[in-house]
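Asker:
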Amino acid sequence: MKTDLRVIKTRAVIKNTLIELMSEKEIAKITVSQLCEKAKINRKTFYRHYREINDVKAELENEALEEFSKSFKNGSILDAKTIISGISEVLRQRRDFYSRMLKFNPDLFGKGRLKTALCRTIAAALRSTGREKNEQVVMSAAEFTAAGVFSLYSGWLEEGGDIDFVTELSVRLVTGALSGFFSENR
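With the first letter of the sequence shown counted as 1, position 146 gets the number 325 in this note's numbering; the numbers rise by one all the way through.
What follows is the structure, given as structure tokens:
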């Protein structure tokens, strides 16, 4: 079923306005009235699409998860460069969006669904090697690796710098951290 173009445009205006407001204040302090005023829509229009501000935020996070998931599916973490380059490209293209999201949602990469998705990808790749049978070791390695990768990207989003440097460093660190899971022939 196709969604009406007016619905798509209205939802985009609401999401973009929320992103703008998030650069000014914490999401918990943004009201529907403020969002509607800035978006030049009435409250009834907002409530036709969302129940509350957090629903808009959740949709933005779902879109982010979808973007990153494509990167995760494009390769195996055992070929870390493919996945990490994909993450870098998403962040490079939408740096302003992710900087704002991170500013008022510090757990975006630390505890959120993005990190969980990367952990699952890493854990599945590690299991596929057949070298480690202990599930606790697999999950710990996945957690450690995902946390490190997203910590580097969080730093880049907050402080700037060269994303190519972050990409290459992430690849080197992930490859080194997971080298014990690779077969000797790799």
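Ideal placement from N, C-alpha and C gives every residue a C-beta, glycine not left out.
Here's the rule: buried if 16 or more other CB atoms are within 10 angstroms of the residue's CB, otherwise exposed. What is VAL316?
Answerer: Exposed, since its Cβ has fewer than 16 Cβ neighbours within 10 Å.
Asker: What residues in its chain sit with their C-beta under 8 angstroms from that of VAL202, if we drop five residues either side in the sequence?
Answerer: This sequence places Ser at residue 202; Val is not what is there. Same-chain partners within the cutoff: ARG279, LYS282.
Asker: Can you give me the start and stop residues for the alpha helix (DSSP H) that LEU277 sits inside?
Answerer: Reading the sequence as shown, one finds Tyr at residue 277 and not Leu. 274-283 is the span of the alpha helix (DSSP H), which, as asked, contains TYR277.
Asker: Do the CB positions of GLU240 and GLY291 come within less than 8 angstroms of each other?
Answerer: Yes, the Cβ-Cβ distance between GLU240 and GLY291 is below 8 angstroms.
Asker: What three-state label does DSSP hand ASP341 in the structure shown?
Answerer: Coil.
Asker: Determine the direct distance from the alpha carbon of GLU242 to that of LEU352, and round the result to whole angstroms.
Answerer: One C-alpha to the other measures close to 28 angstroms.
Asker: DSSP three-state call for LYS202: helix, strand or coil?
Answerer: Per the sequence shown, residue 202 should be read as Ser rather than Lys. The answer is coil: DSSP assigns SER202 none of H, G, I, E or B.
Asker: Roughly how many whole angstroms lie between the Cα atoms of ASN233 and VAL211?
Answerer: If I take the Cα positions, the gap works out to 10 angstroms.
Asker: What did DSSP end up calling ILE209 once you bin it into helix, strand or coil?
Answerer: Note: ILE209 maps to coil in three-state DSSP.
Asker: DSSP three-state call for ASP382: helix, strand or coil?
Answerer: In the structure as shown, the chain begins at 180 and stops at 365. Residue 382 is therefore absent and cannot be evaluated.
Asker: On a CA-only basis, which of ASN313, PHE323, ASP286, ALA304 is nearest SER333? Give me that one, please.
Answerer: The option with the nearest alpha carbon to SER333 is ASP286.
Asker: Please report the distance separating the alpha-carbon of ILE193 from that of GLY309.
Answerer: Near 47 angstroms, if we compare the C-alpha coordinates of GLY309 and ILE193.
Asker: Give the straight-line distance between the Cα atoms of GLY359 and ALA296, rounded to the nearest whole angstrom.
Answerer: Roughly 22 angstroms separates the two Cα atoms.
Asker: Around the C-beta of GLY265, are 16 or more other C-beta atoms found within 10 angstroms, so that it is buried, or is it exposed?
Answerer: Answer is buried; the Cβ neighbour count reaches 16.
Asker: Who are the near neighbours of LEU244 in its chain, counting only those whose CB is closer than 8 angstroms to its CB and skipping five residues on each side?
Answerer: ARG292, LEU293, ALA296, listed in sequence order.
Asker: With 16 as the cutoff for other CB atoms within 10 Å, does GLU246 come out buried or exposed?
Answerer: Label assigned to GLU246: buried.
Asker: Does the beta-carbon of PHE225 have 16 or more other beta-carbons within 10 angstroms, so that it is buried, or is it exposed?
Answerer: Result: buried.
Asker: Alpha carbon to alpha carbon, how far is HIS228 from LEU184? Give it in angstroms, no decimals.
Answerer: Computed Cα separation, rounded: 14 angstroms.
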